[in-house]
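Undergrad: Residue numbers (our numbering): 7 to 428.
Please see the structure below; I have some questions.
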């Protein structure tokens, strides 16, 4: 662990204004309360990001050779250690796609219907891929209106046309649709079917790019020996692989995405829909992760979905982190009330200064799983301090809430554009 140097000190305890006699008793009016040992009443000194600076030391590493790659969970690597928070004014599919392209990851919030959250996950997973293994398709007997609705819902511009359970008979692109005014016509009437360009299963991306360029087409269906559709390679996916070489992707070349769930028993069904949609990591997202309800939720999710990566939190102590690790989580999320808009500490009087919480959680995790510092990031230097304290990644909310990619409502105030965050 790298050293941190204390710049200023947080108060070590409470200093009452009442008088104190020689025996150490505190006097408040007519009531006398015997003084207890500070160590038994207070956890001790706590430090937050503003309380420390890192000591500069000799470095043989040139900036251009620096890597900030880290881990999100036991099995998920992050090219950059940034996570978009599961807040309804921060992370939906647009934010998650952008974060993953840049090397981070977004956690889709849970303040929506379960099926809607699963659709958001699916939108991220389908946004780009080396090869789309299960492309969205349309039947030749469907109307153009139905096809357009399908493209809008899926965020795509073209549809392979299949019949008899998967046999490719054509492709419907935006060029086929752009001049059509009668949306009740059937897809088979306007789709491209003569001279349809396809490629066999096993075609490499390099060969696919050559075929796409040779025939000046944007989509290349992959078919087997029986003419059944097995995948789809697009110019967009190839272009984005070049534009975002450090994107956070799964083994199939799809962008990674996470989703938040609660700790109630009913959240198992929400989790099931998310797993079916292809979510990479589930996050049991609560204000108090060191509770029996959360520990039970982790056990339920782990039993139902043993292969899914699972993060749980939030905790702020070494005991809380150790308890979650013992239940089988793949990463621990740390932070009780450090967020700029979080009222937990004010309303409940509960919390631990974030830097101390991270240090303690790292000790509790004992190197078995990554630790994610959630909240309190106001400046880029706070990220550095969190990583120096042992965190593998930082989760940010308000830092991202004002971006174009966030779903927060935009408004003008005195000629300046703002976005809501909560």
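Ideal Cβ placement from N, Cα and C applies to all residues, glycine included.
With burial defined as no fewer than 16 other Cβ atoms inside 10 Å of the residue's Cβ, what is the status of residue 44: buried or exposed?
TA: With a pLDDT of only 41 at residue 44, under the threshold of 50, the placement of this residue in the model should not be trusted, and no figure is reported.
Undergrad: What are the partner residues of residue 88, as DSSP defines its beta bridges?
TA: 400
Undergrad: Given residue 101, which residues of its chain have a CB within under 8 angstroms of its CB, disregarding the five upstream and five downstream residues?
TA: 90, 112, 406, 409, 411, 412, 413
Undergrad: Please report how far the alpha carbon of residue 83 lies from the alpha carbon of residue 189, in whole angstroms.
TA: 46 angstroms
Undergrad: So, at 8 angstroms on beta carbons, what are the nonlocal neighbours of residue 150 in its own chain, with the 5 sequence-adjacent residues on each side left out?
TA: 183, 186, 188, 189, 190, 191, 192, 193, 196
Undergrad: Once DSSP output is grouped into helix, strand and coil, what is the label at residue 223?
TA: coil
Undergrad: Just list the alpha helix (DSSP H) runs in the segment 362–427, keeping only unbroken ones of 4 residues or longer that don't cross its boundaries, in chain order.
TA: 386–394, 404–407
Undergrad: Name the two residues that bound the continuous alpha helix (DSSP H) containing residue 302.
TA: Looking at the DSSP string, the run of the alpha helix (DSSP H) that includes residue 302 is 298–310.
Undergrad: Work out the CA separation of residue 50 and residue 30 for me, nearest whole Å.
TA: Legend: pLDDT at residue 30 = 37, less than 50; position of this residue unreliable, no value from coordinates given.
Undergrad: With respect to the beta strand (DSSP E) encompassing residue 176, which residues constitute its N-terminal and C-terminal limits?
TA: 173–178 is the span of the beta strand (DSSP E), which, as asked, contains residue 176.
Undergrad: CA-CA distance, residue 239 and residue 213?
TA: Rounded to the nearest whole angstrom, the C-alpha separation of residue 239 and residue 213 is 11 angstroms.
Undergrad: For residue 322 versus residue 114, is the C-beta distance shorter than 7 angstroms?
TA: no
Undergrad: Compare the Cα-Cα distances from residue 87 to each of 388, 427, 398 and report the closest residue.
TA: Residue 398 is the option with its Cα nearest to residue 87.
Undergrad: Taking only the alpha-carbon atoms, compute the straight-line gap between residue 371 and residue 134 and give it to the nearest angstrom.
TA: 35 angstroms
Undergrad: If you compare alpha carbons, which of 257, 205, 121, 220 is closest to residue 234?
TA: 205
Undergrad: Note the first and the last residue of the continuous alpha helix (DSSP H) segment covering residue 245.
TA: 241–249
Undergrad: Kindly indicate which residue of 353, 64, 401, 382 has the alpha-carbon position closest to the one of residue 376.
TA: 401
Undergrad: Indicate the three-state DSSP secondary structure (helix, strand or coil) for residue 71 in the structure shown.
TA: Judged by DSSP in its simplified three-state form, residue 71 adopts helix.
Undergrad: Between the C-alpha atoms of residue 109 and residue 74, what's the straight-line distance to the nearest angstrom?
TA: 10 angstroms
Undergrad: Taking residue 97 as the reference, which of 327, 160, 126, 284 has the closest Cα?
TA: 126
Undergrad: From the DSSP output, which residues share a beta bridge with residue 131?
TA: Note: residue 131 sits in no beta bridge, so no partner.
Undergrad: Which residue marks the beginning of the beta strand (DSSP E) containing residue 169, and which one marks its end?
TA: Start and end: 165–169.
Undergrad: DSSP has residue 291 in a bridge; who is on the other side?
TA: DSSP, once it has assigned bridges, lists 319 as partnering residue 291.
Undergrad: In three-state DSSP terms, what is residue 236?
TA: strand
Undergrad: How many Å lie between residue 278 and residue 177 at the Cα?
TA: 32 angstroms
Undergrad: Would you check if the segment 281–301 and the segment 143–160 touch, i.e. whether three or more CB-CB distances between them fall below 8 angstroms?
TA: Cβ pair count under 8 angstroms is below three, so no.
Undergrad: Which residues share a DSSP beta bridge with residue 267?
TA: In DSSP, residue 267 forms a bridge with 290.
Undergrad: Buried or exposed, going by whether 16 or more other CB atoms sit within 10 Å of the CB of residue 461?
TA: The structure shown has nothing for residue 461, since the chain only spans 7 to 428.
Undergrad: Given a threshold of 16 other Cβ atoms within 10 Å of its Cβ, counted over all protein chains shown, does residue 353 qualify as buried or as exposed?
TA: exposed
Undergrad: Under a three-way DSSP split, which group does residue 76 fall into?
TA: strand
Undergrad: Within its chain, find whatever has a CB closer than 6 angstroms to the CB of residue 241; leave out the 5 residues flanking it on each side and keep chain order.
TA: 218, 224
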